[in-house]
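Line by line, the protein sequences give chains W and L. The first sequence begins at 3 in the working numbering and counts up by one. The second sequence begins at 19 in the working numbering and counts up by one. Glycine residues also receive a C-beta, built at the ideal position from the N, C-alpha and C atoms. Below is one structure, written out as structure tokens; the observations come after it.
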Amino acid sequence: MPKIYLDYAATTPVDPRVVKAMLPYFTEKFGNTMSLHSFGQEAKIALEKSRKIVADLIGAKPNEIVFTGSATESNNMVLKGIKGKHIIVSSIEHSCIMETAEWLEKRGVKITRIPVDKKGLINPLDIERAITKNTVLVSIIHGSNEIGTIQPIEEIGEICKKRNIYFHTDAVQTFGKIPINTTNIDLLTASSHKIFGPKGVACLFIKEGVGIEPLLHGGGQENGLRSSTVNIAGIVGFAKACELCAKNMKKEALRLTKLRDKIIKNVLKINRAYLTGHDEKRLPNNASFIFSFIEGESLAIQLDLNGIAVSTGSACSSMKLEPNHVLLATGLKPVEAHGSLRISLGRWTTEEEIDKLIKILPGIVDKLREISPFKFK
Amino acid sequence: MYTQKLIKHFSHPHNYGSIKNPDGVGQVGNPVCGDIMKLYIKLDKDIIKDIKFETFGCAAAIATSSVLTDLVKGKTIKEALAIKNQDIVNSLGGMPNIKIHCSLLAVDALYEAVYDYLSKNKKKIPEKVQKKHT
Numbered sequence: 003m004p005k006i007y008l009d010y011a012a013t014t015p016v017d018p019r020v021v022k023a024m025l026p027y028f029t030e031k032f033g034n035t036m037s038l039h040s041f042g043q044e045a046k047i048a049l050e051k052s053r054k055i056v057a058d059l060i061g062a063k064p065n066e067i068v069f070t071g072s073a074t075e076s077n078n079m080v081l082k083g084i085k086g087k088h089i090i091v092s093s094i095e096h097s098c099i100m101e102t103a104e105w106l107e108k109r110g111v112k113i114t115r116i117p118v119d120k121k122g123l124i125n126p127l128d129i130e131r132a133i134t135k136n137t138v139l140v141s142i143i144h145g146s147n148e149i150g151t152i153q154p155i156e157e158i159g160e161i162c163k164k165r166n167i168y169f170h171t172d173a174v175q176t177f178g179k180i181p182i183n184t185t186n187i188d189l190l191t192a193s194s195h196k197i198f199g200p201k202g203v204a205c206l207f208i209k210e211g212v213g214i215e216p217l218l219h220g221g222g223q224e225n226g227l228r229s230s231t232v233n234i235a236g237i238v239g240f241a242k243a244c245e246l247c248a249k250n251m252k253k254e255a256l257r258l259t260k261l262r263d264k265i266i267k268n269v270l271k272i273n274r275a276y277l278t279g280h281d282e283k284r285l286p287n288n289a290s291f292i293f294s295f296i297e298g299e300s301l302a303i304q305l306d307l308n309g310i311a312v313s314t315g316s317a318c319s320s321m322k323l324e325p326n327h328v329l330l331a332t333g334l335k336p337v338e339a340h341g342s343l344r345i346s347l348g349r350w351t352t353e354e355e356i357d358k359l360i361k362i363l364p365g366i367v368d369k370l371r372e373i374s375p376f377k378f379k
Numbered sequence: 019m020y021t022q023k024l025i026k027h028f029s030h031p032h033n034y035g036s037i038k039n040p041d042g043v044g045q046v047g048n049p050v051c052g053d054i055m056k057l058y059i060k061l062d063k064d065i066i067k068d069i070k071f072e073t074f075g076c077a078a079a080i081a082t083s084s085v086l087t088d089l090v091k092g093k094t095i096k097e098a099l100a101i102k103n104q105d106i107v108n109s110l111g112g113m114p115n116i117k118i119h120c121s122l123l124a125v126d127a128l129y130e131a132v133y134d135y136l137s138k139n140k141k142k143i144p145e146k147v148q149k150k151h152t
């Protein structure tokens, strides 16, 4: 049975062209970018070339890109490195923002969590109202990793600019997939492994003039903002991945949107299946649902047994045994949130794969409902 | 994460569904944490002749329900009440630590079903059954 991967929001396979670009940097061009000799200089040139490619994808200047080890690190750096008394986040941030905000809260920083509506959308006016004279930073996720809703970051950025407050967006799910205009963005997090690059590399866009302190101190790499020996192979891979995304972004987004909408149209034919997230302001590659009366982990494992890999925000699948906070933030009751399923598409998703999913999903839902004590009235 | 045995019970659960006119029904669980188990039992004198379950929950919850019904079917009440959650875990070839609570839930559901049967028939309720009934 050929396996079907529909969990591209979790991570992606590395594009073979990216692997090819990376390989020389493990064995021949392995130098330390801080070294004076030719090996070091060769690596340094590759680093700066990569920085330019990554910057180009969001219309930034190369010196505005700092390479990090993960999006979690980039997000931690923003929240911990911008010092102040009050930070505004949304209630649907990734756990690496949520947990960092909670950590800061315990240390005396005031945190405001902006609610979302049923479709996961933030009202920018809520942010404007939450700003006080102590506010230093607003951090809002661009595209939701769980429900796919895309936030109006231009508008939010404009509000922040007007009030002279830094605006950060976690763009892990949108970077490389849809165009991003950084005119009103001060800081932006992006990751390599979500766009067919290697794991262990990410970046933080820091607009010129933004005052931020590093998390890591040491040899002073990345302009003193991220000390650590430079992961040159990883960064070259990240840049190659960006280049490939840039080449085909519009066409690929359109292709995925069509497949996504085909999934949504067909899955919603299942009795008591509901779309989570926004119907239009939505990531091209995210189709997420809840199914009444059944539990998401069972559903995901049944699909896996049928060769289809997807994901769920159910409590049973989490280490905390709590339903996903994003689903609860949209107003779902815990018992509803347990029945969640996230399908996310990518570069190698084909229509045949989608057809197979559409064909087998209803039967699996029926079977689990037969076992469930909850029944249709 | 899950054993082959557990996946087998989850994919092809035994004794699921409901029983018409059951002698006892037990429902346990909490929709917030995500598992609900409902057990139906039918007795012939003191022997649990038939048992069925309905479960809302993860693969582990469904598999433990299935195994429990296997362990209970054909046993006397006394024998059935001697089943421990560890017996369920062992029958599944082990379970991830975070899922052990599912096996406890299965035992609780059985105790509730037995309680329901005994109290409906005005029979003496053993102390350990009374204790678990809240």
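Look at the segment 285 to 303 of chain W: the residues with a C-beta under 8 angstroms from a C-beta of chain L are Phe295, Ile296, Glu297, Glu299, Ser300 and Ile303. Using a CB distance cut-off of 8 angstroms, W:Val337 counts as an interface residue toward chain L. Bridge partners of L:Val43 according to DSSP: L:Tyr58.
Taking 9 angstroms as the Cβ-Cβ cut-off, the segment 23 to 38 of chain L approaches chain W at Ile25, Phe28, Ser29, Pro31, Tyr34, Gly35 and Ser36, given in chain order. Within the segment 336 to 361 of chain W, contact with chain L at the beta-carbon level (separation under 7 angstroms) is assigned to Pro336, Val337 and His340. Contact annotation, W:Val20 with W:Gly199: C-beta distance approximately 6 angstroms; criterion of less than 8 angstroms satisfied. Per the C-alpha coordinates, the member of W:Asn287, W:Arg115, W:Asp263 and W:Ile161 positioned closest to W:Ala255 is W:Asn287. Apart from sequence neighbours up to five positions away, the residues of its chain that approach W:Thr278 with a beta-carbon distance below 7 angstroms are Ile149, Ser290, Phe291, Ile292, Leu329, Thr332 and Ser342, ordered along the chain.
Against chain L, the CB of W:Leu123 has no partner CB under 8 angstroms away; the residue lies outside that interface. Here the alpha carbon of W:Ile116 sits roughly 15 angstroms from the alpha carbon of W:Ile161. Burial state of L:Pro40 is buried, judged by a 10 Å Cβ sphere holding 16 or more other Cβ atoms. Beta-bridge partners of W:Val68 (DSSP): W:Leu206. Close to L:Ala77, with beta-carbon spacing below 7 angstroms, are these residues of chain W in chain order: Glu299, Ser300 and Ile303. Contact with chain W is absent for L:Val125, since none of that chain's Cβ atoms lies less than 8 angstroms from the residue's Cβ. Counting C-beta pairs closer than 8 angstroms gives three or more between the segment 73 to 83 of chain L and the segment 115 to 128 of chain L, which meets the contact rule. Between the alpha carbons of W:Met321 and W:Glu95 lies a distance of about 18 angstroms. If you draw a 10 Å sphere on the C-beta of L:Asn139, you find fewer than 16 other C-beta atoms in it, and that means exposed.
Nearest Cα to L:Tyr58 within the set L:Phe28, L:Ile69, L:His30 and L:Ile106: L:Ile69.
Under the criterion of beta carbons closer than 8 angstroms, W:Tyr27 and W:Val238 qualify as touching, at roughly 5 angstroms. By the Cβ criterion, the segment 37 to 55 of chain L is not in contact with the segment 303 to 312 of chain W, since fewer than three pairs of Cβ atoms, one from each stretch, lie closer than 8 angstroms. Cβ-Cβ distances below 8 angstroms link L:Ala77 to Tyr20, Leu24, Ile25 and Phe28 in the same chain, with the five nearest sequence neighbours on each side left out; the list follows chain order. Within the segment 42 to 54 of chain L, Gln45, Pro49, Val50, Cys51, Gly52, Asp53 and Ile54 place their CB atoms closer than 8 angstroms to a CB of chain W, listed in sequence order. If you draw a 10 Å sphere on the C-beta of W:Ile356, you find 16 or more other C-beta atoms in it, and that means buried.
The criterion of a C-beta distance shorter than 8 angstroms is satisfied by W:Gly83 and W:Pro216.
Taking 9 angstroms as the Cβ-Cβ cut-off, the segment 57 to 73 of chain L approaches chain W at Phe71, Glu72 and Thr73, given in chain order. By the rule that beta-carbons nearer than 8 angstroms mark a contact, W:Cys318 touches chain L. Residue contact check for L:Ile80 against chain W: a CB pair falls below 8 angstroms.
Taking the Cα positions, W:Thr191 is about 56 angstroms away from L:Lys146. Sixteen is the threshold: since fewer than 16 other Cβ atoms of the shown chains lie within 10 Å of the Cβ of W:Gly222, the residue is exposed.
Proximity of W:Ser193 to chain L, defined by a Cβ-Cβ separation below 8 angstroms, is not satisfied.
The continuous beta strand (DSSP E) containing W:Ser141 extends over residues Thr137 to Ile143. A distance below 6 angstroms between beta-carbons, with the five flanking residues on each side excluded, links W:Leu59 to the following residues of its chain, in chain order: Cys244 and Ala248.
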